[in-house]
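Residue numbers are given in full-length UniProt numbering: position 134 of the sequence shown equals residue 134, and the series is strictly consecutive. Built from N, CA and C at the ideal position, the CB exists for glycine as well. Treat the numbers as computed from the prediction; the structure is a model and nothing was measured. These notes are about the structure you will find just below.
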Amino acid sequence: MPKIFSGRRRWLLAQLACLGSLEALLAIVMSLSLAAVVAGDSSLGTVLVASALGIGLGQWIQKVLAEDLGQDYVHEVRRLLVGAALLPDNSTSLGVTITRASNDLSALKNWIAFGIVPLITGLPLIGVVLTALFWMDHRTGWAVVVPLAVALSLLPVVAAWTLQRTRELRRKRGRLAARIADATLAGEGIRAAGAIPRELNAISRDSDKVVQAALKRSWATGLGRAIMVLGASMSMISVVLAGHLQAHETAGTMLLLGILATPISDLGRVMDYRQNYRAACMILAPIVEKAQRHRATEAALPGLKATPELPGIKIGELIVQPGERIHLKGSPEETRAFIKKLIDDPAAIVNGQNLKDLKLQDRRALMAIASAHLPLSRGTVSRLVSFRVPQASTAEIQEVLAQVGLKNDAKTLKTKLKNGGQPWSTTDINKLKLAAALLRQPPLIVVEDFDPSCINNYPGVLISTIRPQPKALESAQDWRAVELGAHIRV
Numbered sequence: 001m002p003k004i005f006s007g008r009r010r011w012l013l014a015q016l017a018c019l020g021s022l023e024a025l026l027a028i029v030m031s032l033s034l035a036a037v038v039a040g041d042s043s044l045g046t047v048l049v050a051s052a053l054g055i056g057l058g059q060w061i062q063k064v065l066a067e068d069l070g071q072d073y074v075h076e077v078r079r080l081l082v083g084a085a086l087l088p089d090n091s092t093s094l095g096v097t098i099t100r101a102s103n104d105l106s107a108l109k110n111w112i113a114f115g116i117v118p119l120i121t122g123l124p125l126i127g128v129v130l131t132a133l134f135w136m137d138h139r140t141g142w143a144v145v146v147p148l149a150v151a152l153s154l155l156p157v158v159a160a161w162t163l164q165r166t167r168e169l170r171r172k173r174g175r176l177a178a179r180i181a182d183a184t185l186a187g188e189g190i191r192a193a194g195a196i197p198r199e200l201n202a203i204s205r206d207s208d209k210v211v212q213a214a215l216k217r218s219w220a221t222g223l224g225r226a227i228m229v230l231g232a233s234m235s236m237i238s239v240v241l242a243g244h245l246q247a248h249e250t251a252g253t254m255l256l257l258g259i260l261a262t263p264i265s266d267l268g269r270v271m272d273y274r275q276n277y278r279a280a281c282m283i284l285a286p287i288v289e290k291a292q293r294h295r296a297t298e299a300a301l302p303g304l305k306a307t308p309e310l311p312g313i314k315i316g317e318l319i320v321q322p323g324e325r326i327h328l329k330g331s332p333e334e335t336r337a338f339i340k341k342l343i344d345d346p347a348a349i350v351n352g353q354n355l356k357d358l359k360l361q362d363r364r365a366l367m368a369i370a371s372a373h374l375p376l377s378r379g380t381v382s383r384l385v386s387f388r389v390p391q392a393s394t395a396e397i398q399e400v401l402a403q404v405g406l407k408n409d410a411k412t413l414k415t416k417l418k419n420g421g422q423p424w425s426t427t428d429i430n431k432l433k434l435a436a437a438l439l440r441q442p443p444l445i446v447v448e449d450f451d452p453s454c455i456n457n458y459p460g461v462l463i464s465t466i467r468p469q470p471k472a473l474e475s476a477q478d479w480r481a482v483e484l485g486a487h488i489r490v
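Listed below in structure tokens is the structure:
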């Protein structure tokens, strides 16, 4: 997992530590001022009010800094998590991925914002207040420390129980999310089979398991919080039962204990957030490490060679010159495997560049793939066309849209497509994919399972699993049939 104490988070943590120390000093000032006012010195009333306002302002700033810290960390982990989901051989279901991107990342954020931050700001406050109590009267100090020590000694046992319950809840919640996602994707088939009630019953069974697991977990988390609240309460009761303080001393001491009660009670919640964080890390850590390894591998690739361009394509034993058209013949399974290999592990040389040695950003300048099996991302038409070439101008985007027979006005460019291309038709979606592939005319374009007839006057190599009907300009060009397995091995 990424380090918490790194980058701008170091500065945020330092600010929080200073803020906690300042609040502790203000608490001491407020306690001494209150004791003096109760004893009859009204001149310190202004100091008393100012210190109270200072603590309130500090709490406000603390919440803002805590949120900033948590969101900054989650932003980094989310990027790695989604990056891992986009890597080859990712078999995680859509529902589980979404759950990780929401619930698990929320667990990380809660630990940082509501776990680490209370420790950073609360521990200095607890330390300063306890020191002040011992300084005022050691009997008061011991009356406060003993109940707190007993409560803290019980937390590790409760923490282990909480972790066990949390992991069980996450497993059941992941199964439920996966079932809901699969049911949503298979909605048409479920309706066709008349099985909506049956599927809802299955979801209800998994939902009941989540409810039961959540209730079991609440027994553990509730006990942890109750122990720390009880410890803080017993500290106050012990001071009162000791009976060694005068009236004005009792007022100041009770004020300090009241201030101390909040960070002490928060320790129960901190334990809860910590175990939630640990359970999430057990799931997220291997995924994040996979994304980090991929990023390191990409960075170590040789990249583009500084050699003269060698026109032509070589894939296995197949050698193709610019301008040639290849009709790729094979079973649907073979062609799908071939396209997948071209995307994830290309054994191809394009214009003298070995695609295996190139980063994904370098490959996209040499090869484009338009496939009926690859869903569109979410975004405007302009963004989707320029997905492979982010720096493309509006004029370039309009040109390729017109080339494939789509409207290219400003309204069309701003049209938002979602859920795989809705509300456009399948024909227009395929044309959009061809337009994206044609942008900046890469040396190699591969078209899978739809007609590439609208590609005219393209100077590079065009490989298609479907041979277009003889028409238009492309009919004058010969299409060479290539058998998968004979010239190209999947």
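Separation of residue 58 and residue 194 (C-alpha to C-alpha, rounded to the nearest whole angstrom) is 60 Å. A straight-line Cα-Cα distance of about 6 Å links residue 30 and residue 51. Here residue 379 is not near residue 434, since their CB atoms are 8 Å or more apart.
For residue 274, same chain residues with a beta-carbon under 8 Å away, outside a window of 5 residues either side, are 111, 115, 159 in chain order. DSSP, read as helix, strand or coil, puts residue 433 in helix. Excluding its 5 nearest sequence neighbours in each direction, residue 363 has C-beta neighbours in its own chain below 8 Å: 346, 355, listed in chain order. Three or more Cβ pairs closer than 8 Å define a contact, and the stretch 282-300 meets that threshold against the stretch 72-87. DSSP places residue 367 inside the beta strand (DSSP E), whose first and last residues are 367-371. As summarised for the stretch 174-224, there are no continuous beta strand (DSSP E) elements at least 3 residues long confined to that stretch. Close CB contacts of residue 415 within its chain, under the 7 Å cut and outside five residues either way in sequence, are with 380, 381 (chain order). For residue 110, the secondary structure class from DSSP, reduced to helix, strand or coil, is helix.
For the pair residue 449 and residue 373, the CB atoms are nearer than the 8 Å cut-off.
A Cβ-Cβ separation of about 7 Å places residue 231 in contact with residue 150 under the 8 Å criterion. Under the DSSP assignment, residue 483 falls in the beta strand (DSSP E) whose first and last residues are 479-483. Nearest Cα to residue 464 within the set 324, 49, 457: 324. For the stretch 417-464, the full-length alpha helix (DSSP H) segments reaching 4 residues or more read 426-438 along the chain. Separation of residue 109 and residue 19 (C-alpha to C-alpha, rounded to the nearest whole angstrom) is 20 Å. Ranked by Cα distance from residue 478, the first of 320, 285, 411, 210 is 320. In the DSSP assignment, residue 13 falls within the unbroken alpha helix (DSSP H) covering 8-38.
Residue 145 and residue 28 do not touch by the CB rule: their CB atoms are close to 17 Å apart, not below 8 Å. Counting other Cβ atoms within 10 Å of its Cβ, residue 167 reaches 16 or more and is therefore classed as buried. Note: residue 294 is not bridge-paired with any residue in the DSSP secondary-structure output. Counted as a single uninterrupted DSSP element, the alpha helix (DSSP H) harbouring residue 411 occupies residues 410-413. The beta carbons of residue 392 and residue 439 sit closer together than 8 Å. Judged by DSSP in its simplified three-state form, residue 75 adopts helix.
Taking a C-beta distance under 8 Å as the contact criterion, residue 206 and residue 175 qualify as a contact pair. In the three-state DSSP reduction, residue 348 falls in the strand class (E or B). By the criterion of at least three beta-carbon pairs nearer than 8 Å, the stretch 118-125 is in contact with the stretch 266-283. Rounded to the nearest angstrom, the Cβ distance from residue 260 to residue 126 is 6 Å, consistent with a contact under 8 Å.
Taking C-beta atoms as the reference points, residue 213 and residue 172 count as a pair closer than 8 Å. Residue 320 carries a strand assignment under DSSP once its states are collapsed to helix, strand and coil. At the C-beta level, residue 443 and residue 351 come within 8 Å of one another. For residue 328, there is no enclosing alpha helix (DSSP H); the enclosing beta strand (DSSP E) covers residues 325-329. Close CB contacts of residue 389 within its chain, under the 6 Å cut and outside five residues either way in sequence, are with 439, 440 (chain order).
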